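Protein chains in written order, with the working numbering: chain U, 1 to 111; chain L, 1001 to 1114.
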Amino acid sequence: QKEVEQNSGPLSVPEGAIASLNCTYSDRVSQSFFWYRQYSGKSPELIMSIYSNGDKEDGRFTAQLNKASQYVSLLIRDSQPSDSATYLCAVNMAGRRALTFGSGTRLQVQP
Amino acid sequence: DTAVSQTPKYLVTQMGNDKSIKCEQNLGHDTMYWYKQDSKKFLKIMFSYNNKELIINETVPNRFSPKSPDKAHLNLHINSLELGDSAVYFCASSSPGSLNTEAFFGQGTRLTVV
């Protein structure tokens, strides 16, 4: 089992729809969770962090965390073509001193 | 002002050569990292330094040697380059006083070994 798992996609949604990106992790005692966006040929850019169970909203982005299910998700409302990118889930795992990344989900927003 | 900067952005070299990548951060962070991103976009930690002290050294060939002259700089030297070393190498840093917060990435160095 991979430590951080994501569906590689591509996930294709029409412009204006809600895009839902999912991530599961193996370490039950993980404390911090992050979503990065990476455009093709660019570096990962932090867009959301979440530390406690529930939802955290920032503009069109909502991160959701369920530690009991070891599941974290990212919702993008009113998706725009400019949201087309690879979204990387990253987890701060106990005892690790660096983030552990999933392999990313490629999102395509169709105009 | 670039927060985490690495040079060069592109590096094309022949097998067997030795090359270095440099990284500098002006965020005042104590911790710096080297990540490798393969063709499938998987980002894997290679090394991490905290205040010039090596704290992470993953299973990486000995041909890779990091050096941190001070907490704002972390360089990566690669000896005897192989075809499989072709990847994008990212430098990153994280905020002071903590070893496990979000990382901020440099623009990456695309290494191509021919």
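Note that CB positions come from ideal geometry on N, CA and C, so glycine has one too.
Treat the numbers as computed from the prediction; the structure is a model and nothing was measured.
For Pro-1069(L), three-class secondary structure by DSSP: Here the question's residue 1069(L) lines up with position 69 in the second sequence. Residue state, collapsed to three classes: strand.
Cβ pair Phe-33(U), Ile-50(U) closer than 8 Å: In the first sequence, counting from the first residue as 1, residue 33(U) sits at position 33. In the first sequence, counting from the first residue as 1, residue 50(U) sits at position 50. In contact: Phe-33(U) and Ile-50(U) (Cβ atoms closer than 8 Å).
Span of the beta strand (DSSP E), counted from its first residue to its last, around Thr-80(U): Taking the first residue of the first sequence as 1, we reach residue 80(U) at position 80. Contrary to the premise, residue 80(U) reads as Gln rather than Thr in this sequence. From DSSP, Gln-80(U) is part of no beta strand (DSSP E); its letter is neither H nor E.
Through-space distance from Ala-17(U) to Glu-1058(L), alpha-carbon basis: The residue labelled residue 1058(L) in the question sits at position 58 within the second sequence. The residue labelled residue 17(U) in the question sits at position 17 within the first sequence. Each residue's Cα considered, the two are about 41 Å apart.
Of the residues Gln-1037(L), Thr-1031(L) and Thr-1112(L), the one placed nearest Leu-1054(L), counting alpha carbons only: Counted from its first residue, the second sequence places residue 1054(L) at position 54. Here the closest residue by C-alpha is Thr-1031(L).
Proximal residues to Gln-38(U) (C-beta, below 8 Å), its chain only, five neighbours per side dropped: Counting from 1 along the first sequence, the entry for residue 38(U) is found at position 38. Counting only Cβ-Cβ distances below 8 Å, and skipping sequence neighbours, we find Pro-44, Glu-45, Ala-85, Thr-86, Tyr-87, Leu-88 and Gly-104.
Inter-residue CB distance, Leu-107(U) and Asp-78(U) (contact presumed, cutoff 8 Å): Translated into the one-based positions of the first sequence, residue 107(U) becomes position 107. Translated into the one-based positions of the first sequence, residue 78(U) becomes position 78. Leu-107(U) to Asp-78(U), Cβ: 14 Å. No contact.
Secondary structure of Leu-1099(L), DSSP reduced to three states: The residue you call residue 1099(L) lines up with position 99 of the second sequence. At Leu-1099(L), the pLDDT of 47 sits below 50, so the modelled position is not reliable and the matter cannot be decided from this model.
7 Å Cβ cut-off: residues of chain U touching Gly-1108(L): Against the second sequence, residue 1108(L) aligns to sequence position 108. Within 7 Å Cβ-Cβ: Ser-43.
Lys-1036(L) to Tyr-71(U) span [Cα, whole Å]: Locating residue 1036(L) in the second sequence gives position 36, counting from the first residue. Locating residue 71(U) in the first sequence gives position 71, counting from the first residue. Their Cα atoms are separated by approximately 25 Å.
Contact set for Leu-1099(L): own chain, Cβ-Cβ below 8 Å, skip 5 residues either direction: Here residue 1099(L) refers to the residue found at position 99 when the second sequence is read from its first residue. Residue placement at Leu-1099(L) cannot be trusted, given a pLDDT of 47 that sits under 50; the coordinates are not used to answer.
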